[in-house]
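J.:
Numbering (the UniProt record's numbering), first residue to last: 1 to 315.
1) Using three-state DSSP, classify residue 195 as helix, strand or coil.
2) When the Cα atoms are used, what is the spatial distance from residue 272 to residue 232?
3) Does DSSP put residue 70 in a helix, a strand or coil?
4) Once DSSP output is grouped into helix, strand and coil, what is the label at residue 116?
5) Note the first and the last residue of the continuous beta strand (DSSP E) segment covering residue 134.
6) Could you give the C-beta distance for residue 103 and residue 220, rounded to a whole number, given that I count them as a contact under 8 Å?
7) The alpha helix (DSSP H) with residue 280 in it runs from where to where?
8) Are there three or more Cβ pairs, one per stretch, closer than 8 Å when the region 209-219 is compared with the region 168-180?
9) Taking residue 156 as part of the beta strand (DSSP E), name the residues at either end of that continuous run.
10) For residue 106, name the three-state secondary structure that DSSP assigns.
11) Apply the 10 Å Cβ neighbour rule to residue 164 and answer buried if 16 or more other Cβ atoms are within range, or exposed otherwise.
12) I need the straight-line Cα distance from residue 138 to residue 245, nearest angstrom please.
13) Below 8 Å CB to CB, which residues in the same chain sit around residue 115 once its five sequence neighbours on both sides are set aside?
14) Determine contact between the region 201-214 and the region 284-291, defined as no fewer than three beta-carbon pairs at a distance below 8 Å.
15) Could you check what DSSP says for residue 187 in three-state terms: helix, strand or coil?
Structure representation (structure tokens):
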């Protein structure tokens, strides 16, 4: 716009000067020179602006390229970490590998039927208790004031032990013994005991639940218990799931103990608020580990059993 205006003024000035005579030609020439100088300065200014813009654009491009490279590096690192995590999980699922662990507490199975005696971290504890035999023949010790209830899940049975009294020392605990047999219709299926396969299947069910935040699997090598492996779980009971009133909406902790038999599994589960103290947790563990190996499996009639391979062949 400045260049265009100056050009119009120059043209008008020239016409006036011609009419006024030759005396003012020098002035016109000087004006023209000045205008040319201004034009050159304007052109130089534009060139400088263009150069600056080019430099800024180049700097921005370099910065963008650098940022893109940095982001690609971060994405590559994240991808590698995710792949490593997936590989680690896959190795556990495919190989059935897990840490071997001692039992969290040591239960005195020689103690009287009216007391639960156990040791944790070198300290001995004792509680008044009673022996409870489930409808499917398994025995556990529970504390006085705990109520028993049963749940039928298809052909399977769960025995639940809970505490309704908020003043009870174990309020908030849910203690479950689950006879999880495999069935073909009404017949119990049998197969060879495969602890690693059982552990892989069970871990995939529990670990992938949306409310689970921490999961550890351990094999048990201890002849004092019939259990073959156990899980230690922590999670968020504000997410969808089946929760007791004491746990719902809060963080929880859970242990699952598994005995693998030809007919399926026996699963003993304890679940309680995550902020429970150490003695509460140890007592709950002792009740779970008071579980006796005897059960109805040894007394099943041959007619009630069907081999799993035979059942697969009949389908």
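Glycine residues also receive a C-beta, built at the ideal position from the N, C-alpha and C atoms.
T.: In short:
1) One-based indexing of the chain shown puts residue 195 at position 195. In this structure, residue 195 counts as helix in the three-state DSSP scheme.
2) Here residue 272 refers to the residue found at position 272 of the chain shown. Here residue 232 refers to the residue found at position 232 of the chain shown. Approximately 12 Å between the Cα atoms of the pair.
3) Start at 1 with the first residue of the chain shown, and residue 70 comes out as number 70. Confidence at residue 70 is low in this model, with a pLDDT of 48, below 50, so its placement is unreliable and the value that follows should be read with caution. Helix, per DSSP.
4) For the purposes of this step, residue 116 is taken as the residue at position 116 of the chain shown. Of the three classes helix, strand and coil, the one that applies to residue 116 here is strand, per DSSP.
5) The residue labelled residue 134 in the question sits at position 134 within the chain shown. From DSSP, residue 134 is part of no beta strand (DSSP E); its letter is neither H nor E.
6) The count along the chain shown starts at 1 and reaches residue 103 at position 103. The count along the chain shown starts at 1 and reaches residue 220 at position 220. Contact holds; Cβ gap of about 7 Å.
7) Locating residue 280 in the chain shown gives position 280, where the first residue counts as 1. From DSSP, the alpha helix (DSSP H) with residue 280 extends over 278-289.
8) no
9) Stepping through the chain shown from its first residue, residue 156 is reached at position 156. Note, residue 156: beta strand (DSSP E), 156-162.
10) Sequence index remark: in the chain shown, residue 106 carries index 106 (1-based). Three-state result, residue 106: strand.
11) Reading the chain shown from its first residue, position 164 is the one you call residue 164. When all chains shown are included, residue 164 counts as exposed.
12) Along the chain shown, one-based indexing puts residue 138 at 138. Along the chain shown, one-based indexing puts residue 245 at 245. Cα to Cα, the separation comes out at about 27 Å.
13) Taking the chain shown and counting its residues from 1, one reaches residue 115 at position 115. 126, 127, 128 and 129.
14) no
15) Here residue 187 corresponds to residue number 187 of the chain shown, with the count starting at 1. If DSSP states are grouped into helix, strand and coil, residue 187 belongs with the strands.
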